[in-house]
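Start counting the sequence shown at 56; every next residue gets the next number (the numbering used here). The beta carbon of each residue, even a glycine, is placed where N, CA and C say it ideally should be.
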Amino acid sequence: MPQNKLSINKAVRILELFAFERLNKTQISKLLNLSRGTVIKYVQLYEKSELTYSDLFLRKKKEIISSLNVNRTPKRTERQERVVTIFSTLHESLKKGDTNLKKFWTVYFKNEINGYQYTQFVHKYHKWRIANDMEKITFNRWKINQIEPCDLEILNEWRLSTNRNRWEKSVAILGLYEGEHITVISKKIERSIRTIKKWVNSLSEKGIASIDLRRTRIVPAKVKERMEKKSNNIMKLLHEPPSLHNINRTSWSLKSLSMAYKEYYGDPISMTTVSKYIRDKGYAFKKAKVVLTSPDPDYRRKLSNIKKILSNLKENEKFFSIDEYGPTAIKIRGGRTYTHRGVLDTVPQYQVSKGSLICTTALELSTNQITNFYSDKKNTTEMIKLLMILLEQYKTEERIFLSWDAASWHASKELDKKVSEINNDEYRKKNNTPYVELAKDGEKWLPMEEIFKLTEQP
């Protein structure tokens with residue numbers, strides 16, 4: 056009967072009892088329940104070795120045993136010797152792709168009377184391979200050897216597609232065609248090996264058209280009818296005000312629709328289902344947009360004239376939308392800023408104003424350029440000042456158009472007189488300025504108001 060191999064802990068314990076506690080060999084054998092011969096063997100190895108008293112304290116147990124030169128490698132049995140001799144043949148066959156581990160083991164087990172089971176056989180083979188520093192051979196039986204050129208072209212298109220489903224299938228099939236292992240592909244596209252195998256089988260049996268079909272579930276007629284009824288009932292509720300169902304809201308939410316449906320029809324329904332039915336009908340929850348409006352009954356005609364001017368604008372002509380922003384107080388305002396974690400910036404609700412300002416602005420619509428300056432007042436003088444700045448800035452132009460709102464200082468006699476003076480041929484020739492044309496019939500179209508609203512947002 057073969058003896059059990061002595062553990063490293065027990066072997067070191069023999070040396071500790073002998074060196075530290077000065078026990079004799081008989082005492083150590085009785086204490087550790089070992090044969091006296093085993094104890095003598097390890098004590099003699101210790102005495103012959105270069106180990107010192109302090110080494111037993113400082114060194115690791117494995118280092119101590121290795122320093123004793125103990126041959127701890129068990130002898131191979133005949134069965135082990137026989138199985139090792141065929142591993143080189145197995146490795147070469149795996150390299151060539153002639154077989155796999157399962158097939159090779161089946162032949163071995165039939166011919167070997169006392170052969171190893173499959174798990175032991177594979178374990179010993181890999182242990183032998185690692186000991187002999189040999190590469191691991193992966194047998195890829197799902198490798199695709201041939202793809203039709205037309206199918207290959209389609210798969211390459213799918214690989215560049217934004218369609219996730221097509222991308223996954225093309226990466227999987229082309230990967231197997233290029234020799235990648237199915238396990239690696241499975242991790243790459245995050246799909247199961249079973250699913251990839253289905254795609255490969257479908258491609259080989261039915262062609263590429265079969266793998267592009269999405270799996271559809273057949274819904275029974277009764278279930279379909281019940282779903283349609285629920286969908287229609289949701290639509291009825293959606294077109295009724297929430298107040299009819301004792302809900303204190305002016306508009307519906309998913310939660311309130313779900314509650315009202317259960318209360319009115321006596322059938323519970325989740326918010327997710329409500330959302331799906333609404334989206335399937337083409338509806339969506341959207342935030343209303345605040346837009347500029349005009350009370351002027353002739354607004355459309357005037358806007359049409361403005362559009363006509365802009366569409367016929369020449370290269371040496373410019374169109375300006377003019378407006379004033381303010382007066383606005385100079386004070387700390389809320390917004391976003393970079394701050395350290397845990398630090399919160401605050402803005403006082405009540406502040407002493409540090410003054411106020413007005414920004415007079417002209418937006419040139421064809422080049423999207425802004426001309427502006429700051430002032431204390433809104434009056435005709437400031438308008439004339441802006442006009443003179445524009446004449447200096449755009450003196451190379453042939454004509455400039457001005458559009459503004461119906462404020463009194465925009466329609467003053469003084470301003471009209473100044474515009475007439477500027478348009479005089481003698482003045483234009485002397486100062487080399489463009490012709491100034493005001494928007495006819497009082498057309499007022501002010502994109503600057505929308506821009507000012509954006510500046511007010513934090």
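#1: Straight-line CA distance for LEU446 to SER408?
#2: Which of the three DSSP states is assigned to LEU493 in this structure?
#3: Buried or exposed for GLY230, please, with buried defined as at least 16 other CB atoms from any protein chain shown within 10 angstroms of its CB.
#4: Can you tell me where the beta strand (DSSP E) with ILE455 in it begins and where it stops?
#5: On the premise that ILE266 lies in contact with SER259, defined as a C-beta separation below 8 Å, what is that separation, rounded to the nearest angstrom?
#6: Under the three-state reduction of DSSP, which class applies to LEU441: helix, strand or coil?
#7: Across which residues does DSSP place ASP378 in a beta bridge pair?
#8: So the candidates are ASN486, THR161, TYR108; which of them puts its Cα closest to the Cα of ARG77?
#9: In the DSSP output, which residue or residues are listed as bridge partners for PHE428?
#10: Measuring alpha carbon to alpha carbon, tell me which residue in ILE377, ILE69, ARG391 is nearest LEU457.
#11: Take LEU156 as the anchor and find which of HIS178, ASN166, ILE168 has the nearest alpha-carbon.
#12: So, are the CB atoms of VAL162 and LEU111 less than 9 Å apart?
#13: State the DSSP-derived secondary structure class of ALA384, mapped to helix, strand or coil.
#14: Inspect the beta-carbon positions of SER313 and ARG304 and report whether they are closer than 9 Å.
#15: Could you tell me which of LYS279, ILE273, ARG388, LYS317 sits nearest to LEU292, measuring between CA atoms?
#16: Which word fits LYS65, buried or exposed, when buried means at least 16 other C-beta atoms lie within 10 angstroms of its C-beta?
#17: Here's the rule: buried if 16 or more other CB atoms are within 10 angstroms of the residue's CB, otherwise exposed. What is HIS294?
#18: Taking just the CA atoms, how far does SER90 sit from MET56?
#19: Output the boundary residues of the alpha helix (DSSP H) element that contains MET189.
#20: So ARG356 is in the alpha helix (DSSP H); what residue range does that whole segment cover?
#21: Does the distance from the CB of LEU215 to the CB of ILE263 come in under 9 Å?
#22: Taking all protein chains shown into account, decide if ILE443 is buried (16 or more other Cβ within 10 angstroms of its Cβ) or exposed.
#23: Taking LEU412 and THR383 to be in contact with their CB atoms under 8 Å, please state how far apart those CB atoms are, rounded to whole angstroms.
#24: Using C-beta distances below 6 Å, list every residue in its chain close to GLU498, excluding the 5 sequence neighbours before and after it, in chain order.
#25: Please name the residue or residues paired with GLU515 in a DSSP beta bridge.
#26: So, using beta-carbon positions, are LEU113 and LEU70 closer together than 9 Å?
#27: Going by DSSP in three states, GLY92 sits in which element: helix, strand or coil?
#28: Quick check on ALA417 - is its C-beta less than 9 Å from some C-beta in chain C?
#29: So, using beta-carbon positions, are ASN367 and ARG454 closer together than 9 Å?
#30: Using only alpha-carbon positions, find the residue among GLN448, ARG355, CYS414 that is nearest to LYS432.
#31: Can you tell which of GLU283, LEU207, THR416, HIS146 has its C-alpha closest to the C-alpha of GLU190?
#32: Within 10 angstroms of the Cβ of PHE375, are there 16 or more other Cβ atoms? Answer buried if so, exposed if not.
#33: Just to confirm before moving on: does the CB-CB distance between THR426 and THR416 stay below 9 Å?
#34: My output table needs one value for LYS115: the three-state DSSP class, helix, strand or coil.
#35: Distance check for ILE387 and ASN423, CA to CA, integer angstroms please.
In short, the structure shows the following:
#1: 35 Å
#2: strand
#3: buried
#4: 454 to 458
#5: Going by Cβ atoms, the distance from SER259 to ILE266 rounds to 10 Å, so no, they are not a contact pair.
#6: helix
#7: THR416
#8: TYR108
#9: THR415
#10: ILE377
#11: HIS178
#12: no
#13: strand
#14: no
#15: LYS317
#16: exposed
#17: exposed
#18: Summary for MET56: the model assigns pLDDT 35, below 50, so the residue's position carries little reliability, and this model does not support an answer.
#19: No alpha helix (DSSP H) holds MET189; DSSP gives it neither H nor E.
#20: 354 to 366
#21: no
#22: In the sequence as displayed, the identity of residue 443 is Met instead of Ile. Exposed, because fewer than 16 other Cβ atoms sit within 10 Å of the Cβ of MET443.
#23: 6 Å
#24: Its pLDDT being 45, under 50, GLU498 is placed unreliably by the model, and the measurement read from it follows with that caveat. Correct list, in chain order: LYS357, ASN360, ILE361.
#25: With the chain running from 56 to 513 in the structure shown, residue 515 is simply not present.
#26: no
#27: helix
#28: Included in the structure is just one protein chain, with no chain C present.
#29: no
#30: CYS414
#31: HIS146
#32: buried
#33: yes
#34: coil
#35: 30 Å
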